[in-house]
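J.:
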Amino acid sequence: QVQLVENGGGLVQPGGSLRLSCAASGITFSRYTMGWYRQAPGKQRELVARITSAGMTNYADSVKGRFTISRDNAKNTMYLQMNALKPEDTAVYYCNANWMSIGDYWGLGTQVTVSS
239 QVQLVENGGG
249 LVQPGGSLRL
259 SCAASGITFS
269 RYTMGWYRQA
279 PGKQRELVAR
289 ITSAGMTNYA
299 DSVKGRFTIS
309 RDNAKNTMYL
319 QMNALKPEDT
329 AVYYCNANWM
339 SIGDYWGLGT
349 QVTVSS
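So, in structure tokens, the structure goes:
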């Protein structure tokens, strides 16, 4: 059974930092492209950042220079370091694991709220 469990969300003031984690089980983690997506109220889910099995990364323009995605294959865990947070970063953040046609899985999400 595949499980993706996100942790690390919460309430933070503008300019603050959070570190999200996504722990995976039931998949060969190292073979999957891992991604963070977010969905704000009334908006569509959007890609935040993605890291391939080879470690290549890409980011949404809105988070470049502020967010850093990483993975630890030994721990089957992906991370998202979020710095200089803005109110517009407020959303539910979801972890995704994708390996072409083999599998596409989602976590349940973790809430990030940026507010003073």
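So the sequence shown is numbered by the working numbering: it starts at 239 and just counts up by one. Glycine is no exception: its CB is placed at the ideal position from the N, C-alpha and C atoms.
Among the residues of its own chain, which have a CB less than 6 Å from the CB of Ala261, if the five just before and after it don't count?
T.: Excluding residues within five positions, the ones whose Cβ falls inside 6 Å are Val243, Thr315.
J.: Since Ser352 and Pro252 are thought to touch, with beta carbons under 8 Å apart, how far apart are those beta carbons, to the nearest angstrom?
T.: The question names Ser, yet the displayed sequence has Val at residue 352. Indeed, because the Cβ distance is near 6 Å, the residues count as touching under 8 Å.
J.: For Asn334, count the other beta carbons within 10 Å of its own beta carbon; 16 or more makes it buried, fewer makes it exposed. Which is it?
T.: With 16 or more other Cβ atoms within 10 Å, it is buried.
J.: Within its chain, find whatever has a CB closer than 8 Å to the CB of Ser268; leave out the 5 residues flanking it on each side and keep chain order.
T.: Same-chain partners within the cutoff: Ser291, Asn311.
J.: Are there 16 or more other CB atoms within 10 angstroms of the CB of Gly345, so buried, or fewer, so exposed?
T.: Buried: at least 16 other Cβ atoms inside 10 Å.
J.: Do you know whose CA, among Arg283, Ile307, Ser259, lies nearest Met294's CA?
T.: Ranking Arg283, Ile307, Ser259 by Cα distance to Met294 puts Ile307 first.
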